[in-house]
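*Asks:* One structure is given below, represented as structure tokens, and several questions about it will come after.
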Amino acid sequence: MNPRIENLFREGTPSSGMIGEFIQSNRFPLVEPGHVTFIFQGQADEVNLRRWISGLSTAQSMQLLEGTDLWALRMELPDKSRFEYKFEVVRGGNRDLVLDKLNEVTAQDPFGANSVCQGYGYTRPGWTLHDAEARRGTLTGVQLYSKAFESQRDIQVYLPARFRRSRSYPLLVVHDGADYLHYADLETVLDNLIHRLEIPAMIVAMTQSPDRLVEYTGDQRHARFIGDELLQELITKFPLIDSNRARGLMGASLGGVASLHTARQYPNRFGQLLLQSGSFAFSDLGKHQKGAVFDPVVRFVNEYRKNPFALAEKIYMSCGIYESLIYENRSLVPLLQAQGMQVHFEEARDAHNWENWRDRLRNGLSWLFPGPLWMVYE
Amino acid sequence: MQILLGPQDPTPNLRQAVETINADGPIVVISAGWRDSEGEIDELQETVERPLEDLMLYQRAERVFANEPALQDLQRARQDNLTELQRLYRIRLAPTIAAARKLMRTRAEPELLRLEQRAAINQLRALDAHHLRRIRDIHRNFNQRRAELEVPLALVQRDKVQQRVEKAGLVLIAGGHVAVLLNRIRLFGLNQLLAQKPVIAWSAGAMAMTERIVLFHHSAPQGKRDAELLDAGLGIVRRRVILPHASTRLDWRNRRRMALFSRRFSPAVCCTLDNGSMIHLDNDRVIASSKSFIVMKTGRKRSLTKK
């Protein structure tokens, strides 16, 4: 049991006043080295912790602390880990998934919000937070008619602070760009890393697919859109460095698949790939179990695994060890390295979520696009 | 007379320094360290409230290289040599500094340990000194071969720049990319002239004024990196190693690391320059200073005060 709970029960069942004080004077969940304790307060027939950690059961029941309305669960958690969770509250046969009201740390994604458990020693990196000294870049819109998709596409383009048309810039194309901006603070991260000279001033084009379950799963139209149409449009509109080394593709989850697939269709057109928790599903034997959406992904990844070749100069890959995709990502790394590409693979004690991807951006971007930090003293 | 300043962002202290010098004559600026942004001195002008002329060393050099490819080839060969030499130096530096660091944290009989630590630091100093000699050889070789080249445009441009510096009452040297800045100052043969002029230099500009350029960053994004000797500086400011952005680039919590840093470059004094810092020197003597610190042999810092 957590020592603070032991202390609460030291003299028997605590009064409601003592419980109130316990709630007021602690931050939840209760974190200690190697462990975390979740607390839910309220009347219920049953309370479960629902967490999304691959390899562990998704639900774990919480225990009612005798004589109180407190439910508790203590579990092992390696230091500096992070995962998202909700409480499943069962009352009169109804099951509700609710946020942890005692924990103000939440993570947003396109499907809503989750509570976030930050293990002992985890702190949000300072470079992901607004820095008043960092000059801010600007976002501008570009509209492009895609012949590949036969539809209009809206692109958001990040221009760095002190953007000058007389200079040339590296280019990064980001899949799910609006989500990266909203859920992973990409604009702040870019402002900060450029300000700190950890990456060069760069232009970042952010795409957002209206149907990513189709377009990001190995769709030839998407590759053509990114590798031909969008790139040409950006070259026409912005001063870009004319070198594949200065061009990159980035994406998370299916966005990682879309990036890798585009790079395979247009080898070395983009010299740098940043792939986060890529959904690189494959099947060596028999049929995969990931559902029909993944059929084209499996076809593409199987084909590439069968006939691999160098498709970029450098690839940064990251994946959380609490997500099932760690298997697919780990197995892809030696295959990519064997083609002569420089591959940097980073595993994090985290899961399949935007904050994991946010926290890895500094390492990924600064490795692919090293800034002049070492030599520059402004 | 020289005034060395820290980074001018967010709060510049350049104006006070300019007022201290009270220049008799035009003020010229060297902003070659800004590379593509060279010459964008509107903000400086607003700060100083005096007319400024940028010498445009970076862009002049680009024009010269475009017109006189033999000089560009020679320059490129020098840079390639320096880059390769730096790579080789790092191969030796890594184990040498690792051994010194290990000895700094090892427990042993104090007298035995003290001598071993001292020997390890001497090895580090010897390596740095050797590297500096090799760098100077490369520069010497470049200068000899350059003298044999027919480069009329380079000579015209050099004379123009030198005339402007001679007439100037004050030279401002901005920060930026320290290798580029140093390279352009050398290319236009300004070393001797700058030694005779009042100079205000900040960040990389202040580093360039010294005898040795030391690159450092203890929290670089790809992990800790050991300080490296990059090049010989102009040697106008002697017996000092200048450390701009020291509060953010150095790991002050790691006393042993900082102690090693200080002892490695001793007898030169490691001086910090952060935003708001100022060191006013006359014949290598500090006549005034503010918000600058010395890294002591214990790894702690103490204020650099007038002695």
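Those protein sequences? They're chains A and U, same order as listed.
In this text, residue positions in the first sequence follow our numbering: the first is 35, and each later residue adds one.
In this text, residue positions in the second sequence follow our numbering: the first is 705, and each later residue adds one.
Every residue, glycine too, gets a C-beta built ideally from N, C-alpha and C.
Is there at least one Cβ from chain U nearer than 7 Å to Glu-263 of chain A's Cβ?
*Replies:* Residue mapping note: residue 263 of chain A aligns to position 229 of the first sequence, counting from 1. Cβ-Cβ to chain U under 7 Å: no for Glu-263 of chain A.
*Asks:* Closer than 8 Å, Cβ to Cβ, to anything on chain U: give me those residues from the stretch 39-63 of chain A, in chain order.
*Replies:* If the cut-off is 8 Å between Cβ atoms, the stretch 39-63 of chain A has nothing near chain U.
*Asks:* Show which residues of chain U have a CB atom less than 7 Å away from the CB atom of Leu-407 of chain A.
*Replies:* Position 373 of the first sequence holds residue 407 of chain A. Result: His-921, Ala-924.
*Asks:* Quick one: is Gly-909 of chain U buried, meaning 16 or more other Cβ sit within 10 Å of its Cβ, or exposed?
*Replies:* On the second sequence, position 205 is the one that residue 909 of chain U refers to. Gly-909 of chain U comes out buried.
*Asks:* Could you give the uninterrupted runs of the alpha helix (DSSP H) lying entirely in the stretch 247-324 of chain A, keeping only those of 4 residues or more?
*Replies:* The stretch 247-324 of chain A contains these whole alpha helix (DSSP H) runs: 254-258, 265-271, 288-299.
*Asks:* Are Leu-402 of chain A and Gly-282 of chain A close, meaning C-beta to C-beta below 7 Å?
*Replies:* To locate residue 402 of chain A, count along the first sequence from 1; it is residue 368. To locate residue 282 of chain A, count along the first sequence from 1; it is residue 248. Taking 7 Å as the Cβ cut-off, Leu-402 of chain A and Gly-282 of chain A qualify as a contacting pair.
*Asks:* Helix, strand or coil, according to DSSP, for Lys-864 of chain U in the structure here?
*Replies:* Here residue 864 of chain U is taken as the residue at index 160 of the second sequence, counted from 1. Of the three classes helix, strand and coil, the one that applies to Lys-864 of chain U here is helix, per DSSP.
*Asks:* Rank A:Gln-94, A:Gly-76, A:Met-109, A:Gly-305 by C-alpha distance to the C-alpha of Arg-125 of chain A and give the top, closest one.
*Replies:* Within the first sequence, residue 125 of chain A is the residue found at index 91, counting from 1. Of the candidates A:Gln-94, A:Gly-76, A:Met-109, A:Gly-305, the one whose C-alpha sits nearest the C-alpha of Arg-125 of chain A is A:Gly-76.
*Asks:* Quick check on Thr-976 of chain U: does DSSP put it in helix, strand or coil?
*Replies:* Here residue 976 of chain U is taken as the residue at index 272 of the second sequence, counted from 1. Residue state, collapsed to three classes: strand.
*Asks:* Could you list which residues in chain A have their beta carbon closer than 8 Å to that of Asp-713 of chain U, in chain order?
*Replies:* On the second sequence, residue 713 of chain U is found 9 positions in, with the first residue counted as 1. Under the 8 Å cutoff, chain A gives Glu-167, Glu-412.
*Asks:* Pull up the CB-CB distance for Glu-118 of chain A and Ser-149 of chain A, whole angstroms please, since I reckon it's below 8 Å.
*Replies:* Stepping through the first sequence from its first residue, residue 118 of chain A is reached at position 84. Stepping through the first sequence from its first residue, residue 149 of chain A is reached at position 115. Rounded, the Cβ-Cβ distance is 7 Å, consistent with contact.
*Asks:* Below 7 Å on C-beta distance, what does Ser-907 of chain U contact in chain A?
*Replies:* What you label residue 907 of chain U is simply residue 203 of the second sequence in a count that begins at 1. Going along chain A in sequence order, the residues near Ser-907 of chain U (Cβ under 7 Å) are Tyr-411, Glu-412.
*Asks:* Measuring alpha carbon to alpha carbon, tell me which residue in U:Gly-980, U:Asp-988, U:Asp-986 is nearest Phe-997 of chain U.
*Replies:* By 1-based counting over the second sequence, the position of residue 997 of chain U is 293. Answer by Cα proximity: U:Gly-980.
*Asks:* What residues from chain A crowd round Asp-695 of chain U, counting only those whose CB sits closer than 8 Å?
*Replies:* Outside the displayed span of chain U (705 to 1011) sits residue 695 of chain U, for which this structure offers no information.
*Asks:* Under 8 Å between beta-carbons, which chain A residues line up against Ala-830 of chain U? List them in chain order, please.
*Replies:* Taking the second sequence and counting its residues from 1, the one referred to as residue 830 of chain U is at position 126. Those do not exist, as Ala-830 of chain U stays about 24 Å from chain A at its closest Cβ, beyond 8 Å.
*Asks:* Given that a residue counts as buried once 16 or more other Cβ atoms are within 10 Å of its Cβ, and exposed if not, what is Asp-103 of chain A?
*Replies:* On the first sequence, position 69 is the one that residue 103 of chain A refers to. Looking at its Cβ environment, which holds fewer than 16 other Cβ atoms inside 10 Å, Asp-103 of chain A is exposed.
*Asks:* Give me the Cα-Cα distance between Pro-37 of chain A and Glu-45 of chain A, rounded to the nearest whole angstrom.
*Replies:* In the first sequence, residue 37 of chain A corresponds to position 3, counting from 1. In the first sequence, residue 45 of chain A corresponds to position 11, counting from 1. Pro-37 of chain A and Glu-45 of chain A: Cα-Cα distance of roughly 14 Å.
*Asks:* Do we get a CB-CB distance below 7 Å when we pair Glu-381 of chain A with the residues of chain U?
*Replies:* Taking the first sequence and counting its residues from 1, the one referred to as residue 381 of chain A is at position 347. By this cut-off, Glu-381 of chain A is not an interface position.
*Asks:* Can you list, in chain order, the residues of its chain with a C-beta nearer than 7 Å to that of Asn-717 of chain U? Leave out the 5 residues immediately preceding and following it.
*Replies:* By 1-based counting over the second sequence, the position of residue 717 of chain U is 13. Correct list, in chain order: Leu-709, Gly-980, Met-982.
*Asks:* For Pro-948 of chain U, would you say it is in contact with chain A, using Cβ-to-Cβ distances shorter than 7 Å as the test?
*Replies:* Numbered from 1 along the second sequence, position 244 holds the residue referred to as residue 948 of chain U. By this cut-off, Pro-948 of chain U is an interface position.
*Asks:* Return the CA-CA distance between Ser-923 of chain U and Ala-727 of chain U, expressed in angstroms with no decimal places.
*Replies:* Taking the second sequence and counting its residues from 1, one reaches residue 923 of chain U at position 219. Taking the second sequence and counting its residues from 1, one reaches residue 727 of chain U at position 23. Near 39 Å, if we compare the C-alpha coordinates of Ala-727 of chain U and Ser-923 of chain U.
*Asks:* Answer yes or no: does any C-beta atom of chain U fall closer than 7 Å to that of Glu-232 of chain A?
*Replies:* The sequence position of residue 232 of chain A within the first sequence is 198, counting from 1. By this cut-off, Glu-232 of chain A is an interface position.
*Asks:* Three or more C-beta pairs closer than 8 Å, one from the stretch 782-801 of chain U and one from the stretch 743-758 of chain U: is that the case here?
*Replies:* With the cut-off at 8 Å, the stretch 782-801 of chain U and the stretch 743-758 of chain U do not touch.
*Asks:* Go ahead and label Arg-392 of chain A buried or exposed: buried means 16 or more other beta carbons lie within 10 angstroms of its beta carbon, across all protein chains shown.
*Replies:* Position 358 of the first sequence, counting from 1, holds the residue named residue 392 of chain A. It is buried - the Cβ of Arg-392 of chain A has at least 16 other Cβ atoms within 10 Å.
*Asks:* Are at least three pairs of beta-carbons, each pair with one atom in the stretch 223-238 of chain A and one in the stretch 204-212 of chain A, less than 8 Å apart?
*Replies:* Touching, yes, given that three or more Cβ pairs across the two stretches are closer than 8 Å.
*Asks:* Hey, does Ser-400 of chain A have any beta-carbon neighbour from chain U nearer than 7 Å?
*Replies:* In the first sequence, counting from the first residue as 1, residue 400 of chain A sits at position 366. Yes - at least one Cβ of chain U is within 7 Å of the one on Ser-400 of chain A.
*Asks:* Straight-line CA distance for Asn-847 of chain U to Lys-1001 of chain U?
*Replies:* In the second sequence, the residue the question calls residue 847 of chain U occupies position 143. In the second sequence, the residue the question calls residue 1001 of chain U occupies position 297. Approximately 38 Å between the Cα atoms of the pair.
*Asks:* Hey, does Ala-858 of chain U have any beta-carbon neighbour from chain A nearer than 7 Å?
*Replies:* To locate residue 858 of chain U, count along the second sequence from 1; it is residue 154. For Ala-858 of chain U, the answer is no, since every Cβ of chain A falls outside 7 Å of its Cβ.
*Asks:* Any Cβ of chain A within less than 7 Å of the Cβ of His-881 of chain U?
*Replies:* Against the second sequence, residue 881 of chain U aligns to sequence position 177. Yes, His-881 of chain U lies at the interface with chain A (some Cβ there is under 7 Å from its Cβ).
*Asks:* In this structure, how does DSSP classify Gln-900 of chain U when only helix, strand and coil are distinguished?
*Replies:* Against the second sequence, residue 900 of chain U aligns to sequence position 196. Looking at Gln-900 of chain U - three-state DSSP - the assignment turns out to be coil, as it is neither helix nor strand.
*Asks:* Excluding the 5 residues preceding and the 5 following Phe-334 of chain A in the sequence, name in chain order all residues of the same chain whose CB lies nearer than 6 Å to its CB.
*Replies:* Along the first sequence, one-based indexing puts residue 334 of chain A at 300. Excluding positions up to five away in sequence, the list reads Gly-252, His-295.
*Asks:* Quick one: what's got a C-beta closer than 6 Å to Phe-43 of chain A's C-beta in the same chain, skipping five residues either side?
*Replies:* Here residue 43 of chain A corresponds to residue number 9 of the first sequence, with the count starting at 1. Cβ neighbours of Phe-43 of chain A beyond the five flanking positions: none.
*Asks:* Counting only the same chain and skipping the five closest in sequence on each side, list residues whose C-beta sits under 7 Å from that of Gln-776 of chain U.
*Replies:* The residue labelled residue 776 of chain U in the question sits at position 72 within the second sequence. Once the five neighbours on either side are set aside, the close Cβ partners of Gln-776 of chain U are Phe-769.
*Asks:* So what does Pro-948 of chain U bridge to, in DSSP terms?
*Replies:* In the second sequence, counting from the first residue as 1, residue 948 of chain U sits at position 244. Answer is U:Leu-977, bridged to Pro-948 of chain U.
*Asks:* Kindly list, in the order they appear in chain A, the residues whose Cβ is closer than 8 Å to that of Met-911 of chain U.
*Replies:* For the purposes of this step, residue 911 of chain U is identified with residue 207 of the second sequence, where counting begins at 1. Within chain A, the residues near Met-911 of chain U are Tyr-411.
*Asks:* Just checking, does the stretch 127-142 of chain A make contact with the stretch 162-175 of chain A on the three C-beta pairs under 8 Å criterion?
*Replies:* No, they do not touch.
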